[in-house]
Amino acid sequence: MLKGQIQDGESTGPGTVVGVNVALSGTLKDQNDVSVYGMVDGEVVSEKTVTVGQSAQIKGPIRGKIITVAGVVRGSIDASEKLEVMETGKIFGSVVTKDFVVRSGAQITGKVTMGMDDDAAVETADSEPDPDNAEETLAEAQAEAKEESSLPLSDEVELKPDEE
Amino acid sequence: MYYYVLESPSSRAVRQTYQKLRDTLTNLGIAGEMVTASPARTPTELTQMGISKGYSTIVAVGADDHIDEVAIASLGKAVLGIVPVNASRLVTGLIGTSDIRGSAESLKKRRLTTHSVVVIEPDSAFFLDAHILPPKIAKVSLVIDNKVRVHSYFNTLRIDRGLNIFIESAHVSEPKKIFGLFKRASETLTSQSTFHAKQVRIVTEPALALIVGNAKVAQTPLELRLLPESLKLITKRGTVLE
C-alpha cells in the first residue's frame, strides 16, 4: 500500500537570528549558524558560525567554530577555527582560537590564546617543567630544534603584514 | 479507497472546479466517497466520519484553513492527500503541484512524505503556517524550551510546522533635534528574528489571535509543542522539499 516514505528536512532548521529589537536571556544553543543583532544575556553556542552584529551586545561566553564580532562582547570567546574582530568590534574577556583576525579599530581587553591544537595544549599541560631537570630539558629541546630546522635559534621573529 | 472532504463552495467557479475534479478522479480510477463541508457538518466532523468508516486516506479539497483543519483531524489516523482549490503557494509548494490534474495524479501515485505539526495545548494543532498579526506594533515574550526568554516588539509573527518562529518588526523612529537646531531625519528600524523550539510559550500584549489561512485557531497566551514527523502526506513524485 505504502509505496515510499521519506522524511522532509525540518530537523535541520534555519539557524537562529536575534534581531535588533530583541532582548534574550538564557543559553542560546544551535547546531546551525547563530546571528545576534540584539541583546543577549547568557551563553551563545553554535556548532557552526556565530555572527555578532554591530548593534549586538552580548553579556556571556561565546563558543563556535567561526566567530565574527562587530558588536560588543562581555565574556570569553572560544572559536575552534577562526575569530574575526571587525572595526566596530569590542571584546572584554579572554579569547581562545586557532586563527585570529583583528581589524584596525577593534578593541580587545583580555588574554588571547591562539594557534594551539587541542592535542598540543594537553601535551603542554601534561609536561610541566621540573625545576630540577630544567637545564637538561632545555638542552634536549635545543638539540631537537637544531635537528629539525636549519634556522639558528634566536629571538628574532619576522613580522608579516596581514594579507587580506 | 479515498475519502474526499470538499470545502463548502464559495462560488459557481468553485462548483465547476469540483465537477472537473470528479471527472478527473473517475478517469484515473481513484474516485472515492465525496462529502462537502457545511455549517452543519464541519471539516473535522466529516474527516472523523471518514476515519470511522475505515478510510485510510483522507483528501482535503479547498483552501488553506480547510486543508489545515482536515489535516489535524486526520493526524495519526489516516494519510492526508491535498487537492488545492484557491490555496496559497505554501500548500502548492508543499505538494509540488498547483493544478487539479497534477494533484489527482499525485494521489494515484501515492508518494508519501512525513511532516511535523505543532500542537496548541491543550487540544488543538496546526499544520500550515500560523500567524499573529497585531493591528499595530505589539510586545511579545517567548519562553523557548524552558531555557531561553525572549522579549521583542513585532508587526508579524509566523510559526511554521517545524516550530520555527519568525518575528518581524519595523517601526519609524521619531525625528530628533540636535542642539535644538537641526532635525535628524526619522529612520525605519527593521528587525528580523528566527528561533526554533521543541516547545514554546508565547505571551503577547495585548492578547492576539493565532491565524491559519483565514481562520482563528487560538488566542495568546499560547503553549505550543512540536510533534515531529507525525503527519503522512501524499506529494508529487520528484518534489524538492524545503
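Chains A and B supply the protein sequences, listed in that same order. Residue 1 is where the first sequence starts when you use our numbering, and the numbers rise one by one after that. Residue 1001 is where the second sequence starts when you use our numbering, and the numbers rise one by one after that. All residues carry an ideal CB built from backbone N, CA and C; glycine is no exception.
Suppose contacts are defined by Cβ-Cβ distances below 8 angstroms. Is E84 of chain A in contact with V95 of chain A by that definition?
Walking along the first sequence from the start, residue 84 of chain A turns up at place 84. Walking along the first sequence from the start, residue 95 of chain A turns up at place 95. Cβ distance not < 8 angstroms, so E84 of chain A and V95 of chain A don't count as in contact.
Mind checking D1023 of chain B: buried by the 16 CB within 10 Å criterion, or exposed?
Taking the second sequence and counting its residues from 1, the one referred to as residue 1023 of chain B is at position 23. Exposed: under 16 other Cβ atoms inside 10 Å.
Can you tell me where the beta strand (DSSP E) with L1133 of chain B in it begins and where it stops?
By 1-based counting over the second sequence, the position of residue 1133 of chain B is 133. Segment: none, L1133 of chain B is in no beta strand (DSSP E) and carries neither H nor E.
Who are the near neighbours of S25 of chain A in its chain, counting only those whose CB is closer than 7 angstroms to its CB and skipping five residues on each side?
Stepping through the first sequence from its first residue, residue 25 of chain A is reached at position 25. Excluding residues within five positions, the ones whose Cβ falls inside 7 angstroms are D41 and G42.
Just list the residues that DSSP pairs R1101 of chain B with in beta bridges.
Mapped onto the second sequence, residue 1101 of chain B falls at position 101. DSSP output for R1101 of chain B lists no bridge partner at all.
Does chain A have any CB closer than 8 angstroms to the CB of H1131 of chain B?
Counting from 1 along the second sequence, the entry for residue 1131 of chain B is found at position 131. It does not: the Cβ of H1131 of chain B has no partner Cβ on chain A nearer than 8 angstroms.
Can you pull out the residues from the stretch 83 to 107 of chain A whose beta carbon lies closer than 8 angstroms to at least one beta carbon of chain B?
none
Whether R1201 of chain B touches V1150 of chain B by CB criterion (8 angstroms):
Reading the second sequence from its first residue, position 201 is the one you call residue 1201 of chain B. Reading the second sequence from its first residue, position 150 is the one you call residue 1150 of chain B. Between R1201 of chain B and V1150 of chain B, the gap from beta carbon to beta carbon reaches 8 angstroms or more.
Would you verify that the beta carbon of Q1192 of chain B is, or is not, closer than 8 angstroms to some beta carbon of chain A?
One-based indexing of the second sequence puts residue 1192 of chain B at position 192. Chain A, which has a Cβ nearer than 8 angstroms to the Cβ of Q1192 of chain B, makes this yes.
Rank B:T1036, B:S1011 and B:A1197 by C-alpha distance to the C-alpha of G1286 of chain B and give the top, closest one.
Missing from the structure shown is residue 1286 of chain B; chain B here goes from 1001 to 1242 and no further.
Check whether the Cβ atoms of G64 of chain A and V50 of chain A lie closer than 8 angstroms to each other.
Here residue 64 of chain A refers to the residue found at position 64 of the first sequence. Here residue 50 of chain A refers to the residue found at position 50 of the first sequence. Going by C-beta atoms, G64 of chain A is nearer than 8 angstroms to V50 of chain A.
Taking CB distances under 8 angstroms as the criterion, tell me whether S25 of chain A reaches chain B.
In the first sequence, counting from the first residue as 1, residue 25 of chain A sits at position 25. S25 of chain A counts as touching chain B.
Give me the Cβ distance between M1034 of chain B and L1006 of chain B, rounded to the nearest whole Å; I'm assuming they're in contact under 8 angstroms.
Residue mapping note: residue 1034 of chain B aligns to position 34 of the second sequence, counting from 1. Residue mapping note: residue 1006 of chain B aligns to position 6 of the second sequence, counting from 1. About 6 angstroms; that satisfies the 8 angstroms criterion.
Which one or two residues does DSSP pair with D99 of chain A in a beta bridge?
Here residue 99 of chain A is taken as the residue at index 99 of the first sequence, counted from 1. D99 of chain A pairs with A:K82.
Could you name the residues of the same chain whose beta carbon sits closer than 8 angstroms to that of I1265 of chain B, not counting the 5 residues immediately before and after it, in chain order?
Residue 1265 of chain B lies beyond the range of chain B shown here (1001 to 1242); nothing can be said about it.
Give the range of the alpha helix (DSSP H) segment to which K1077 of chain B is assigned.
Here residue 1077 of chain B refers to the residue found at position 77 of the second sequence. Per DSSP, K1077 of chain B belongs to no alpha helix (DSSP H) and is neither H nor E.
Using the Cα positions of P1043 of chain B and N1027 of chain B, report the straight-line distance between them to the nearest angstrom.
Position 43 of the second sequence holds residue 1043 of chain B. Position 27 of the second sequence holds residue 1027 of chain B. Going from the Cα of P1043 of chain B to the Cα of N1027 of chain B covers about 26 angstroms.
Between the C-alpha atoms of R1101 of chain B and A79 of chain A, what's the straight-line distance to the nearest angstrom?
Counting from one through the second sequence, the residue named residue 1101 of chain B turns up at place 101. Counting from one through the first sequence, the residue named residue 79 of chain A turns up at place 79. Their backbone Cα atoms lie some 53 angstroms apart in a straight line.
Measure the C-alpha to C-alpha separation of R1015 of chain B and S1008 of chain B and round it to an integer number of angstroms.
Stepping through the second sequence from its first residue, residue 1015 of chain B is reached at position 15. Stepping through the second sequence from its first residue, residue 1008 of chain B is reached at position 8. For R1015 of chain B and S1008 of chain B, the distance between alpha carbons rounds to 9 angstroms.
So, is the C-beta of V50 of chain A closer than 8 angstroms to a C-beta in chain B?
On the first sequence, residue 50 of chain A is found 50 positions in, with the first residue counted as 1. Taking Cβ atoms only, chain B never reaches closer than 8 angstroms to V50 of chain A, which makes this a no.
Express the C-alpha separation of R1041 of chain B and A1071 of chain B in angstroms, rounding to a whole number.
Counting from one through the second sequence, the residue named residue 1071 of chain B turns up at place 71. Counting from one through the second sequence, the residue named residue 1041 of chain B turns up at place 41. Distance between the alpha carbons of A1071 of chain B and R1041 of chain B: 16 angstroms.
Between which two residues does the beta strand (DSSP E) harbouring T1190 of chain B extend?
Taking the second sequence and counting its residues from 1, one reaches residue 1190 of chain B at position 190. T1190 of chain B -> beta strand (DSSP E) spans T1188 to H1196.
Chain A contact residues for L1189 of chain B, given Cβ-Cβ distances below 8 angstroms:
Here the question's residue 1189 of chain B lines up with position 189 in the second sequence. V20 and N21, listed in chain order.
Mark N21 of chain A as exposed unless 16 or more other C-beta atoms lie within 10 angstroms of its C-beta, in which case mark it buried.
Here the question's residue 21 of chain A lines up with position 21 in the first sequence. With 16 or more Cβ atoms within 10 Å of its Cβ, N21 of chain A is classed as buried.
Quick one: what does DSSP say T27 of chain A is sitting in, helix, strand or coil?
Mapped onto the first sequence, residue 27 of chain A falls at position 27. Here T27 of chain A sits in coil by DSSP.
Of all the CB atoms in chain A, is at least one closer than 8 angstroms to the CB of K1147 of chain B?
In the second sequence, the residue the question calls residue 1147 of chain B occupies position 147. Yes, contact with chain A.
Kindly say whether V44 of chain A, judged by its beta-carbon, lies nearer than 8 angstroms to any beta-carbon of chain B.
To locate residue 44 of chain A, count along the first sequence from 1; it is residue 44. Cβ-Cβ to chain B under 8 angstroms: no for V44 of chain A.
Tell me which residue opens and which closes the alpha helix (DSSP H) that K1020 of chain B is part of.
As a first step, residue 1020 of chain B is located in the second sequence; it is residue number 20 there, counting from the start. Taken as a continuous stretch (DSSP letters only), the alpha helix (DSSP H) holding K1020 of chain B covers R1012 to L1028.
Could you check what DSSP says for E1033 of chain B in three-state terms: helix, strand or coil?
Working through the second sequence from its first residue, we reach residue 1033 of chain B at position 33. Reduced to three states, the DSSP call for E1033 of chain B is strand.
Name, please, each residue of chain B whose Cβ falls closer than 9 angstroms to the Cβ of T16 of chain A.
Stepping through the first sequence from its first residue, residue 16 of chain A is reached at position 16. Neighbours of T16 of chain A on chain B, chain order: S1193, T1194, F1195 and H1196.
Endpoints, the alpha helix (DSSP H) within which T88 of chain A is located:
Residue mapping note: residue 88 of chain A aligns to position 88 of the first sequence, counting from 1. Segment: none, T88 of chain A is in no alpha helix (DSSP H) and carries neither H nor E.
Residues near S1038 of chain B by beta carbon distance below 7 angstroms, same chain, minus five either side
For the purposes of this step, residue 1038 of chain B is taken as residue 38 along the second sequence, with counting starting at 1. The answer, listed in chain order, is S1008.
Just checking my contact of S1074 of chain B with T1047 of chain B at CB under 8 angstroms: how many whole Å lie between their CB atoms?
Taking the first residue of the second sequence as 1, we reach residue 1074 of chain B at position 74. Taking the first residue of the second sequence as 1, we reach residue 1047 of chain B at position 47. Confirmed, about 5 angstroms.
Quick check on the DSSP output: the alpha helix (DSSP H) that includes S1052 of chain B runs from which residue to which?
Along the second sequence, read from residue 1 onward, the residue named residue 1052 of chain B stands at position 52. From DSSP, the alpha helix (DSSP H) with S1052 of chain B extends over P1043 to S1052.
Less than 8 angstroms between the CB atoms is what I'm expecting for E1229 of chain B and T1114 of chain B, so what's the real figure, rounded?
Locating residue 1229 of chain B in the second sequence gives position 229, counting from the first residue. Locating residue 1114 of chain B in the second sequence gives position 114, counting from the first residue. About 4 angstroms; that satisfies the 8 angstroms criterion.
Considering V1091 of chain B, what are the terminal residues of the alpha helix (DSSP H) in which it resides?
Taking the first residue of the second sequence as position 1, residue 1091 of chain B is located at position 91. Note, V1091 of chain B: alpha helix (DSSP H), R1089 to I1095.
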